[in-house]
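K.L.:
Numbering (my numbering), first residue to last: 968 to 1305.
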């Protein structure tokens, strides 16, 4: 099956049919504003204008208010048929699981580690910063068409990839009498996640063909527009104080696994499930090629490996400035080859 993306015409009016078939310098120019905002957050935190607590508050705003509002609005205002993408869900799940397993096996062979270190290493190689890095880039390339793909991707990441990694990390940990199994605990955490609730409510509104009142619709749209700039700004502020120096063997597996293997695996899996719509596969590549998600180090803190996790997270964030446009350009070139 040939998948063709014709040349890009207007950068200010993203066309979902042609965003990847552009020159490599143009893709670097497109991604530059994203890392400029990240650098601005870093500079503001480093200069003492905002404290770590201030950035954590902004991060909480994105995670619990703006992002759920954006996901709900994107789903609720879409056509019901836009949500029926079993091929996308299956393909992104398979691609992410493939990257997870490869990272897991590579780390087991290279570092001989077990438990949380191994589970979080594999998680780092298969869970991208779709919300705060991938989505802003996808919007620049594809416009609001990226919102549905983001909602579907978050469903895979929140409901499949993260619970699996956390369950693996908890396997073998002694449990107190009456304590729930880790799988049950993680399933309950998913149900309580604001993003998951926003997806469910948005789907009910869309499938019920309900129309949001205009003030509500406009208000949600305003909140949704804050996700990208505030999220990127937060990333820059939160990485202050951490260093990319860490276990070289772990980084040698996880960094290329996240930035190279994951997008390639997702692309191949989507194509295998017949997903050839550029409005879906293009944003999916932006999400999969993005660095490790921002809460990675914070979540790993309960296992005592926050500093090691932060090191690999920063390494992928720094390297993504160079690899993200290159990976998108190479995959786009491969897909347009007759």
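Every residue gets a Cβ at the ideal spot worked out from N, C-alpha and C, and that includes glycine. Treat the numbers as computed from the prediction; the structure is a model and nothing was measured.
(1) Under 8 Å: do the segment 1276-1288 and the segment 1086-1097 share three or more Cβ pairs, one atom per stretch?
(2) For residue 1330, which of helix, strand or coil comes out of DSSP?
(3) In angstroms, rounded to a whole number, what distance separates the CA positions of residue 977 and residue 1299?
(4) Need the endpoints of the alpha helix (DSSP H) that residue 1115 sits in, please.
(5) Give every residue of the same chain whose Cβ lies closer than 6 Å to the Cβ of residue 1216, excluding the five residues on either side of it in the sequence, and list them in chain order.
(6) Note down, in chain order, each residue of its chain lying with its Cβ closer than 6 Å to the Cβ of residue 981, except the 5 sequence neighbours on either side.
(7) Taking a contact to mean a Cβ-Cβ separation below 9 Å, would you say residue 1069 touches residue 1092 in this structure?
(8) Three or more C-beta pairs under 8 Å: does that hold for the segment 1189-1205 against the segment 999-1013?
(9) Please name the residue or residues paired with residue 1095 in a DSSP beta bridge.
(10) Assuming residue 1125 and residue 1067 form a contact by the criterion Cβ under 8 Å, report the distance between their Cβ atoms to the nearest whole angstrom.
(11) Write down the C-beta distance between residue 1223 and residue 1095 rounded to the nearest angstrom, noting that I regard them as a contact closer than 8 Å.
(12) With C-beta atoms as the reference, is residue 1271 less than 9 Å away from residue 1033?
(13) Going by DSSP, what residue range makes up the alpha helix (DSSP H) through residue 997?
(14) Can you give me the start and stop residues for the alpha helix (DSSP H) that residue 1275 sits inside?
(15) Start and end of the alpha helix (DSSP H) containing residue 1042?
(16) How should residue 1208 be labelled, buried or exposed, when 16 other C-beta atoms within 10 angstroms of its C-beta is the threshold for buried?
(17) How far does the alpha helix (DSSP H) with residue 1195 in it extend, from its first residue to its last?
P.N.:
With the structure as the only source:
(1) yes
(2) Residue 1330 falls outside the range modelled here, since the chain spans only 968 to 1305, and no answer is possible.
(3) In this prediction, residue 977 scores a pLDDT of 38, lower than 50, which makes its location untrustworthy; the coordinate-derived value is nonetheless stated afterwards. Those two C-alpha atoms are separated by around 17 Å.
(4) 1113-1123
(5) 1077 and 1078
(6) Bear in mind that the predicted position of residue 981 carries a pLDDT of just 40, short of 50, making it too unreliable to give a figure here.
(7) yes
(8) yes
(9) 1259
(10) With 8 Å as the limit, residue 1125 and residue 1067 do not qualify as a contact, their Cβ atoms being about 15 Å apart.
(11) At roughly 14 Å, the Cβ-Cβ gap does not stay under 8 Å, so residue 1223 and residue 1095 are not in contact.
(12) no
(13) 991-1013
(14) 1273-1303
(15) 1034-1043
(16) exposed
(17) 1194-1205
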